[in-house]
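Beneath this line is the structure, given in structure tokens, with notes to follow.
Protein chains: 2
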Amino acid sequence: MLDERKASILRAVVEEYIQTAQPVGSGLVARTAAVNVSSATVRNDMAALEADGYLQQPHTSAGRIPTEKGYRAFVDQLSHPALDRSAAQRVRSFFDAAHMEIEQMLADTTRLLSGLTDYAAVVVGPAHEAARVRSVQVVGLSGRIALFVAVLANGAVEKRTVELQADTDESLLPRAAAHLAEHLTGQPLAAVSEIAAAHDEAVEAVVRSVVAATTGGHDDEPDHVFVNGAARMAGSFAAVETVRSVLTILEQQLVVVTLLRDVLDRGLNVAIGTETGMQPLAECALVVAPYEVDGEKVGTIGVLGPSRMNYPQALAAVAVVSQQLGHRLSEG
Amino acid sequence: MLDERKASILRAVVEEYIQTAQPVGSGLVARTAAVNVSSATVRNDMAALEADGYLQQPHTSAGRIPTEKGYRAFVDQLSHPALDRSAAQRVRSFFDAAHMEIEQMLADTTRLLSGLTDYAAVVVGPAHEAARVRSVQVVGLSGRIALFVAVLANGAVEKRTVELQADTDESLLPRAAAHLAEHLTGQPLAAVSEIAAAHDEAVEAVVRSVVAATTGGHDDEPDHVFVNGAARMAGSFAAVETVRSVLTILEQQLVVVTLLRDVLDRGLNVAIGTETGMQPLAECALVVAPYEVDGEKVGTIGVLGPSRMNYPQALAAVAVVSQQLGHRLSEG
DNA sequence: GACTAGCACTCGATGATACCGAGTGCCACC
DNA sequence: GGTGGCACTCGGTATCATCGAGTGCTAGTC
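Line by line, the protein sequences give chains A and B.
Here the first sequence is numbered in this note's numbering, starting from 1 and rising by one per residue.
Here the second sequence is numbered in this note's numbering, starting from 1001 and rising by one per residue.
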């Protein structure tokens, strides 16, 4: 598709533009070490690259900037890049030192990732529905309000407030908890919907309330999402309006989750501009990777920045962090 | 300090500037209903207001914009404003419909508040340390990792991962839980540090681990903070740099909590510009209010916007929401 | 045929100049 | 004390010339 030299030129343009955010001229490219031809030759090739849609000119007498297609080609020809030494060390020591609740760790992971890349970072936590239940409890709070608490094997805690239909006697809630524990322990939480009926009528009423609270109304926030580094992201854009619309996306957790899932489902690990499928992200790029616990993909991490993103660095950071995060979560 | 007319003029300038973000000229003020003098007179008074530090001129031939002192005077003379009918209805129906976990509700409260005001909203949750413990559990996760879970009376759940010193036998964790429950139930979680030693040595080891996990290392994130509407806030500023620095603040939960607490401690419910004590918020204003559960102030809500904020609206919204939130949390 | 030197050309950015008008300060007057 | 009137200020906008980075093209070289 692209001969060797055109590819080099495209690479040089993208790399330069990523650094300077200024249109890149033929002279500058010709001076690049990797390209040993005159600026005139570069000009010819750049004109061809523009005709093929890899580059564009903001205006006639300016240099070129990459198009979405240009970034895509650049990303596709990247050999899997390595993280520089100090950053790798930072990741390693972060996960070595991590001894915390899972939420805290995921939240801190966004900080790490954002710090490594200088863009916004997203971590989607493991779907709680999949994890096995370790322990179940039903605690009365006040009046007819009770709290159903399930501890999952991965250290997460799911809770639901439950409104009871009738006043409870002393032993009801523990009995309901026992019934739930009997059927749920060792199962994923989703198994709650297939729970066998209890013999005791009062217990059954409580159980049904719990089932209702656990299955229903949970669609609006299906996973735990952590976002960080929005401020860093803001620094990458010149127009407030762009920042605003990107922030709007980042604040809608459900949208973020869907976005990451969509991108991964399409088999991509980078989505550039309109590839994200979201209009407000037209000037953005997204680098994602799943992380695996015991060989199974349980969650996703990602980095959101401008389309003129430092792709090698972002890809490396996301790869290393997702790998380490999965590793850390696997060992328990 | 300010005679009646000067106060009216100041009020007119602030109100106009809040709406338009444009310097306000004497002509416009003179045409305001509340001011029945000629523009020349207004000019004289405005010059006086400027000399007194209430107004300033961006440049000689422009109108005036309020200074921090001007906003302060404006806010101080506000009679406590009421929320408009539809907004009040929105708040009411929100809290009527709220039947959720406390975290979910607080998070949604930020959305409500942000939606009402069109600025960023912050809610600081009740300090968990103060709430009474209802139930205690210790659940083994894997290897020597266990999870300490405490359900509090307000429906919050505190959890800490605990690393055990030795392998556990079947009954150890339940026994440790029982010991903890015995001493903690009905007490605030902070009482964990004064727990009596257990007779059993193995139990005592677990208990000590729990105490260590509960008391230590928790200073860095003392409360649960919810922030929303950063995107709306971004729309209020013209310079990306301003947006970026404000975002940086909002992303540091500890800073936000401290900020709100400081402002309240100084007896203010509005902090304008440098009154916040934070350089990056020089162009911002913060409206805060505590909310009370059973007559005790347990948390804080706030709105962060530009110093040219719609103060009457923001004050009204914060007042109503804090009152309703406290009410809702009190009834359990 | 592939590359390059050279050159005319384009067009945004920059700066000088003029003009407009909103808004001011001040003064004379009521 | 309040007001009408007026000269003045100065940012914003428009116009125009200049500059130069960068281009496309052509003729020439290896």
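A virtual CB, placed ideally from N, CA and C, is assigned to each residue, including glycine.
Treat the numbers as computed from the prediction; the structure is a model and nothing was measured.
- Judged by beta-carbon spacing, B/ALA1098 lies within the 8 Å limit of B/ARG1328, meaning their Cβ atoms are closer than that value.
- Between A/SER26 and A/ALA285, the alpha-carbon positions lie close to 26 Å from each other.
- The beta carbon of A/ARG64 sits closer than 7 Å to those of VAL13, PRO23, VAL24, MET46, GLU50, LEU55, GLN56, GLN57, all from its chain and outside the five residues before and after it, given in chain order.
- Look at the segment 1125–1142 of chain B: the residues with a C-beta under 7 Å from a C-beta of chain A are ARG1134, SER1135, GLN1137, VAL1139, LEU1141, SER1142.
- What B/GLU1101 touches in chain A, judged by beta-carbon distance under 9 Å, is LEU147, LYS159, ARG160, THR161, going in chain order.
- In the structure shown, the three-state DSSP call for B/ILE1195 is coil.
- Residues of the segment 180–201 of chain A whose Cβ lies closer than 8 Å to any Cβ of chain B: none.
- From the beta-carbon of A/THR248, the residues of chain B found nearer than 7 Å are ALA1231.
- Membership of A/PHE226 in any alpha helix (DSSP H) is not indicated; the residue belongs instead to the beta strand (DSSP E) covering 225–228.
- B/ARG1005 and B/SER1038 have their C-alpha atoms some 12 Å from each other.
- Taking 8 Å as the CB threshold, B/ARG1244 lines the interface with chain A.
- As for any alpha helix (DSSP H) of minimum length 4 sitting wholly inside the segment 206–282 of chain A, the runs are 230–234, 240–251, 253–265, ordered along the chain.
- Within a 10 Å sphere around the beta-carbon of A/ALA314 sit 16 or more other beta-carbons, which makes this residue buried.
- Residue state for A/GLY140 is assigned as strand, using DSSP reduced to three classes.
- A direct Cα-to-Cα measurement between B/ALA1121 and A/VAL157 gives close to 27 Å.
- A distance of 8 Å or more separates the beta carbons of B/TYR1119 and B/GLY1273.
- Annotated three-state conformation of B/VAL1029 is helix, per DSSP.
- The beta carbon of A/ASN310 sits closer than 7 Å to those of ILE18, all from its chain and outside the five residues before and after it, given in chain order.
- Using a Cβ-Cβ cut-off of 8 Å, B/VAL1318 is close to nothing in chain A; its nearest Cβ partner there is about 20 Å away.
- The beta carbon of A/PHE148 is closer than 6 Å to those of VAL138, ARG160, VAL162, VAL210 in its chain, skipping five residues each way along the sequence.
- In the DSSP assignment, the residues bridged to A/PHE148 are A/VAL138, A/ARG160.
- Distance from A/LEU152 to A/VAL206 at the Cβ level is roughly 21 Å; contact not present, criterion being Cβ atoms closer than 8 Å.
- Distance from the CA of A/PHE94 to the CA of A/VAL287, rounded to the nearest whole angstrom, comes to 21 Å.
- In terms of CA proximity to A/MET1, A/ASP52 leads the group A/THR32, A/ASP52, A/ALA30.
- Taking one beta carbon from each stretch, the segment 1235–1250 of chain B and the segment 229–242 of chain A have 3 or more pairs nearer than 8 Å; the two touch.
- A/ALA238 reaches chain B at VAL1240, counting residues in chain order whose Cβ is nearer than 8 Å.
- At least one CB atom of chain A sits nearer than 8 Å to the CB of B/VAL1151.
- Minimum Cα-Cα distance from B/LEU1141 among the listed residues A/GLY186, A/VAL303, A/GLY143 corresponds to A/GLY186.
- Beta-bridge partners assigned by DSSP to A/ALA48: none are found.
- If the five residues before and after B/ARG1232 are omitted, its C-beta is found closer than 7 Å to the C-beta atoms of SER1114, ASP1118, TYR1119, ALA1120, all from its own chain and listed in chain order.
- Beta-bridge partners of A/PRO306 (DSSP): A/CYS284.
- Here A/TYR291 carries a strand assignment [DSSP, helix/strand/coil].
- In the three-state DSSP reduction, B/LEU1172 falls in the helix class (H, G or I).
- Bounds of the alpha helix (DSSP H) holding B/VAL1320 are 1311–1330.
- Neighbours of A/GLY235 in chain B, taken as residues at a C-beta separation under 7 Å, are given in chain order as ARG1244.
- Around the beta carbon of B/ARG1011, a 10 Å sphere encloses 16 or more other beta carbons of the protein chains shown; the residue is thus reported as buried.
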